[in-house]
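Residues in the sequence shown are numbered consecutively from 1240, following the working numbering.
For every residue, glycine included, the Cβ atom is placed at its ideal position computed from N, Cα and C.
Model, not experiment: these values are computed from the prediction.
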Amino acid sequence: MKNIVRTIAAFVLVMACIFCMKTAPVVNAEETKYDLWLGEVQVTSANKDNIPVKSGSASYNPATKTLKLNNVTGVNGLKVEPDDPNFKCLIYSEIDDLTITGSCDIKNQYASEGFVCTQNLNLNGNFLVWISGPYDEDYPNYGISSGKDLIILGGQLNCDCSNTDAMLHSKGDIYIKGGNLRLTAAFYGIYSEGDIYISGGYIFSYTQAAGFGEKGIAIYADGVISLDPKVYVSTPASGNVTEYTSHNYIYDTDPSKGVESATIEEKVGSYGISILGEQITNRNRFGIYIFEEGIVTYDPDTNTLFFDDVYGSSTNSISNPIVSSRNHDLIIAGNAHFDYPNCIDGINCNNNKLKVSGNFYISSKHNSIYASEVTFESGTCHLISNESVAIQSNSVVIKDGEHIFEGDEKAIETSSLTLDEGIKIQSPNGAIFDADEWTLVNSDGTYPKKVTIGPDKYDLKLSGVQVTSKNRNNLPGVTGEASFDPQTKTLNFGQGAKFENTSDHAMIESGDELTITGKIRLMDTNATYGIACKKLTVDGNVIVNAKECGVFTISGIDIKPDANLYGYAMQTNDAKGISTGGNIDVGKNGTLVGGGVTTGISVTGSIYTDSSNKIEGTGTDYGIKIGNDFKADCDVYAHGEGEAISFGGTMEFSPYVGIVKALNYDSEISATHFSDDKKHFLAADNSVAKIVEIGDKYGVYINGEKITYETRNDIAGLKSGKGSYDADTHTLYLDNAVINDEKDECIITLDDLNLVTKGDVNLVTKTRRYYGLNIKGKLTVDGNLYIETLDDHAIHAYDFELLNDSELLIPEGGRFDKEQKCIVDKDGNPATIVKIVKKEVATPTPAASSEPGSTPAPGTTPEPGTVSPGNTIEDVEAVILALPNDNDPAGSDFATLQAKASKVTKNSIKLSWKKVAGAKSYYIYGNKCGNKNKYKKIKVVSKTTFTQKKLKKGTYYKYLIVAVDKAGKVLSTSKTIHAATTGGKVGNVKSISTKAKKNKVTLKKGKKFKLKAKQKAASKKLKVKKHRAIQYESTNTAVATVSTKGVVKAVGKGKCYVYVYAQNGITIKIKVTVK
C-alpha cells in the first residue's frame, strides 16, 4: 500500500506545479499536528474541523490561522508545562498571528492561565473567562497573554482572573481597537512589556491586589500608553495617562500613583440608532443581547449593524420598530429572523438610505422596510407586512440575491425599481413594474401581494455557491476568464482561470448533466468531492484532487477527443480517484487517469476507448474496477495491491494492442496473460496480476519501419526476402531476408523477441553507434543469422537464448554477457560481428546416462521412439499413447515446462506450466494413474493453464504436457505429473525443502554436496501415495550433475540450477556455483 500511496503522492506534486499530460497527484496521508492545544487536546489535521471540547464546538483553519469557538463552555483537561508546575492553561498556542473568534463561557477553578500564545495573538469575539487556579509569585500567570503583540479587534471580553498577575498581558505591544472589555485581575488589569495603544471600545479594568497585601494598577505599560483622540479616561473622572519615557499607567490626581480601577471609552455616547427602543451606545455596541438568540454589533465607522445568527419573536403590540435609524444611512448585514407581526415596523430608516447584505426574515405590522432608498446587495430576504406594504421607499435597487416581498395591500411601493443584469421578476409570472402606479402590476392590472425577485437559479454550485443568471459570467470561487452557459450546461474555464474552494462538500456540484471545457485545476483535499454531477463531459484539461472522491458521477463520463481528465483522492480509507455509476467513453487521443486509496477508477458500467492516449488507475485494492466490459484501444496502466484490473463483463482488445512488458514490468506481479475464464489478468505464476500494462503489441521496427497490424504478414523494411510477425508470441519470422540500416538500426523491439529464420538472414549496420539488433527484453534465435555493425554491439538485449540446435559460431568462444547486455568474445569485448548457425540434425543411437540416476540437460536432436524435441507431434503422440507404464517417457525433461498440478478439488485438477519460446500450442495427455490406464489425448491449448473437470474424488491422475511449435515440431515434453483429487484418503505434496542454505550451493570442482530433499504433504491426515520418488535435474551437466539420491557433483567452472521436484510438479530451484 505504501508504494502505491507514494506513487500517487509523487504524481500530484508534479501536477500542482505543471499542468501537463503525464502527472498525478500529491497527498500527505500522514496526520499533521499544529502547535495549538485546547486543554490537553492538541489540534491536528484529523480533528481540526471538530476539536474535542466539553460542550459547544471548536474548529481551526490552518490557512487563515483562525481558531473559532462556538459557545464553548469547557475544554478537556488543561495544557501543562513540565518546567512550570503551576502552569495549567485553557488554550495554548505557538502559532504566529493566531486569531481567536466566536464565543465561549468558560469557568475553571483549576486553571492558572486562560489563553496563552507565544507569538502574535488577535482576539475578535465574545469571550467570558473565569479562572481561579493557584497563585505562585515565583511563576507569573495571566488571563490572556501574548509572547509578541496582542490585538483586540472587537467583540466582548469579560474576564475575571483574580488570582492572576494580569488579565491582559503582552511581551510586545497591546492594541485595543474596539470591543467591550471588563477585566479583573490581582495586580494588573492590562499589562504590556511594550506599549499600549487604545483607539476604540469600552474598557473597564479592575484589580484586587489588596487581597495580596499590595496595591494593583488598572492599566500599566513598560513603554508608553497612547490614547486615540476619540477615546478618554472616564473613570476616575479626573483620570489621565502618565507621559514618562517608560513605565506608564492611568492615574487620578497624583501622577506618582496608578489607580486600581479605570474606565476608558469612546467620547460619542449615542448613534441615533435603536433596537426595539433601546439606544445603541459606545458601551453596548460591541454586543447587544436583546433578542432570544444571537448577538447584534454596531460599527460606527461604516454605519453597519451586524446580526450574528439572531432570532427574535413576539406577538405583543410593539410601538417601536425592530430597528430605527434617525440620523444616519445604515447598512444591515448578517443573518436574522424577526417574527413580530404586531410590531409597528421592521427597519425604519426615516429619510435615510439603507443597504441590505445578508439573509433576513422580517415580519411586522406595517412596513418591513421603510427608507428613502433601499439597496439589496446580496443574500436572501423575506419581508412580510401584515397590514400594509412590505417595502416602502422612493427607490429600490436589487443588485443580487433572491428576495420575497409580501404585503396585505401590495408587495412593494416605490417610484423606482432597478434590477441589475441577471436579476428578474420571478413571480408572479407576467408581472411588470409600473412607475406611474409606484408598484408592480399583474397582467390583469391588479397589484400582486407577493413578489419574488432574483436571478434564475441553475442546478450548479461552485465552491458551495449557487450559480445564477447574475453570477454566471463572474463565477463564485473562480478568478480569470470563466462562465456558465445554461443552454448547453457548459462550464467554460478560459485564460488564467483559477479555482479557490471554500466548500467542504464539493468544489463543483450539479444534479444535472455538465460539460467542462478549457483548462482548470481543482485542488482541495478538505472537500469531500472534487466534481459531483449526474453525467460529466470533459472537453479540455481537468485535474481534480479531493478528499474522498476526485470525480463522482451518477450516469457516466464522456471524455472528448484530445481531452484529459485526472481525478485523485487520498484522504480517507475508502477514497476513489474517479467513480461513476455509468459508462466511461474516452475519445481519440483522450486521457483518463485516476488515483485513490482503495480504487483509482471505479466504473459500474463499461469503459470504451477510441484510439485514446492512455488510461491509468492506481489504488490499494484495485487500479481499475469495471462492472461490465472493458474495450481497450490505447495504452493502459493499472496498479492495485489487490488486483490491477477487475471487470465483470468481457475484456476486449483492438487488434493493435495487448498485454506488454513496459517500463513498470515486474516479473512477479505484472500481467502476462488472461485466466481461463477471461475474467482476470494473471502474472507468469498464474497469480492475480497487481500490475497490468496494455500497449501497442506491434512494437517492432525493421530498418525504421514499424510493423503494424496491417503489415504483420508482409513486413516492410527488408532489402530482400520475406518476413512476418506473430504479436501474440512475439515471434518474427524471416525468410532469406537482408536488412540494411538505411534509416535506423536493423531491428528494434520494445519487448521480448523470438527470431525464427529460414535460409540465410543477414543484418548489416554501417552507421556509427547503431546496434544490429536492439531488443528491450529477451532475444531467442532459432536458425541461421549473420549480424555486422560498424562500431557497436551486434546484438543488444536484456537476455539471450539459442534454440533448437542453433549455435554461436562467431565470435569464436563467444557468449552472452548479461551485465553488458550483448554478445562478447572470449576476452569479454562486445562483438560487432555475430554469426549463428543451425546444427545439422543427426539421429544418434540412444545411450544410457553417463551417471546413473542423473538427468542430462535436454537436447533438441530428435530421437525416434522417444518424446524428445525435434520429433513431430504425430510421432511423439504415438509414443505417449503406447507407453506401457506410468514412468517418465524417454526424452522428457522438467526444467523447460516445469509442469505441475497447481490446484485440485474434489472433481477437478488444474495444470499449469511455463511458457516455451516459439511454442504455438500445448498438447495435454492424461488418464487415471495405473499401468492399465493408457494415456489419452485430452486437449490442445495455446495458454499455459488447463483445468480438467468431472473427475472422481480421492483419485490419482497422470498427465503429460507437450510444447509444439508452428511447424508441428515438439519443443519439449514434461515429466509425468501425478496428482490426486480431494475428498478421499490420499493427497498431494505441498512443499519441498533441502539442506541447501537459501537454496544455494557453492562447490569447488570435483566436490560433492547431498541435498537431502524432504517433501511435506498438504495435509497430515492424507497419505501421499508414491508414484515416483523425488527427482533431480541439472540445467547444465557441464557445470554440475545430480544423482537420483540428490548428490550434486561439481564438474566444471560456472553456474547452473538443479531442480528438485515432486510427483505433482511442486519444485524448488537450487542455484549451483562451481569455482
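Starting from residue i, trace the alpha helix (DSSP H) in both directions and tell me its first and last residue.
i: Leu1994; result: Element bounds for Leu1994: not the alpha helix (DSSP H) but the beta strand (DSSP E), Leu1992 to Lys1997.
i: Val2115; result: Ile2112 to Leu2120
Return yes when the Cβ of residue j is within less than 8 Å of the Cβ of residue i, no when it is not.
i: Tyr1488; j: Gly1455; result: no
i: Leu1515; j: Ile1570; result: no
i: Ile1583; j: His1605; result: yes
i: Phe1443; j: Thr1502; result: yes
i: Tyr1972; j: Gly1962; result: yes
i: Thr2250; j: Val2287; result: Residue identity differs from the one stated: residue 2250 is Leu in this sequence, not Thr. Yes. Within cutoff.
i: Thr1857; j: Gly1881; result: no
i: Asp2125; j: His2266; result: yes
i: Gly1719; j: Gly1733; result: yes
i: Thr1811; j: Val1832; result: no
i: Ala2033; j: Glu2027; result: yes
i: Lys1611; j: Lys1594; result: The sequence given here has Ser at residue 1611, not Lys. No. Outside cutoff.
i: Gly1816; j: Gly1806; result: yes
i: Ser2213; j: Lys2188; result: no
i: Ile1413; j: Ser1431; result: yes
i: Ser2160; j: Val2225; result: no
i: Phe1545; j: Thr1536; result: yes
Whose C-beta lies closer than 7 Å to the C-beta of residue i among residues of the same chain, with five residues either side of it excluded?
i: Ser2089; result: Any reading at Ser2089 must be qualified, since the residue scores a pLDDT of 31, below 50, and its modelled position is unreliable; the value itself is stated next. Cβ neighbours of Ser2089 beyond the five flanking positions: none.
i: Thr1492; result: Ser1477
Tell me the residue span of the beta strand (DSSP E) that contains residue i.
i: Ala1629; result: Val1628 to Ile1637
i: Thr2312; result: Thr2306 to Val2313
i: Ile1884; result: Glu1882 to Phe1886
i: Val1896; result: Val1896 to Ile1898
i: Met1890; result: Met1890 to Phe1892
i: Met1406; result: Ala1405 to Ser1409
i: Val1319; result: Lys1318 to Glu1320
i: Thr2019; result: Lys2017 to Asp2021
i: Ile1290; result: That residue, Ile1290, is in no beta strand (DSSP E); it is neither H nor E in DSSP.
i: Val1781; result: Lys1774 to Ala1785
i: Pro1324; result: Asp1323 to Ser1332
i: Ile2072; result: Ile2072 to Lys2077
i: Ile1339; result: Leu1337 to Asn1347
i: Val1832; result: Thr1830 to Gly1835
i: Thr1764; result: No beta strand (DSSP E) contains Thr1764, which DSSP labels as neither H nor E.
i: Trp1369; result: Leu1360 to Ile1370
i: Asp2204; result: Tyr2195 to Asp2204
i: Glu1645; result: Glu1641 to Gly1646
i: Asp1399; result: Leu1389 to Cys1400
i: Gln2270; result: Gln2270 to Ser2273
Cutting at 6 Å between CB atoms, please list the residues of its own chain near residue i, excluding the five before and the five after it.
i: Lys2175; result: Asn2166
i: Glu1739; result: Gly1716
i: Glu1652; result: Val1628, Gln1631, Trp1677 and Thr1678
i: Arg2008; result: Asp2031
Assuming residue i contacts residue j under a Cβ cut-off of 8 Å, what Cβ separation, rounded to an integer in Å, is found between them?
i: Ser1495; j: Asp1461; result: That pair is no contact at about 17 Å.
i: Tyr2296; j: Ile2309; result: 7 Å
i: Asn1359; j: Ser1342; result: So it is not a contact: roughly 22 Å between Cβ atoms.
i: Ile1846; j: Gly1897; result: About 17 Å; that fails the 8 Å criterion.
i: Ala1883; j: Gly1862; result: 5 Å
i: Ala1955; j: Lys1936; result: In fact, because the Cβ distance is near 17 Å, the residues do not count as touching under 8 Å.
i: Tyr1876; j: Asn1852; result: Wrong, their Cβ atoms sit about 12 Å apart, outside the cutoff.
Identify, in the order they occur along the chain, each residue of the same chain with its Cβ nearer than 8 Å to the Cβ of residue i, setting aside the five sequence neighbours on each side.
i: Thr2084; result: Since pLDDT at Thr2084 reaches only 32, below the 50 mark, its modelled position is unreliable, and the value read off the structure follows with that caveat. Here the set comprises nothing.
i: Asp1698; result: Ser1749, Gly1750 and Asp1751
i: Val2080; result: The pLDDT assigned to Val2080 is 43, lower than 50, so where the model puts this residue is not dependable, and the model offers no usable value.
i: His1567; result: Tyr1510, Gly1511, Ile1512, Asn1542 and Asn1591
Practice problem: With a floor of 3 residues, list each beta strand (DSSP E) that falls wholly inside the segment 1691 to 1755, ordered by position along the chain. | Solution: 1696 to 1701, 1704 to 1707, 1721 to 1724, 1729 to 1732 and 1745 to 1748
With a floor of 3 residues, list each beta strand (DSSP E) that falls wholly inside the segment 1495 to 1541, ordered by position along the chain.
1500 to 1505, 1509 to 1514, 1517 to 1520 and 1532 to 1538
- Go through the segment 1916 to 1986 residue by residue and report every complete run of the alpha helix (DSSP H) that reaches 4 residues or more, in order. none
> Where are the beta strand (DSSP E) runs, 3 residues long or more, that stay fully inside the segment 2031 to 2070, in chain order?
Replying inline: 2038 to 2041, 2045 to 2049, 2054 to 2056 and 2061 to 2063
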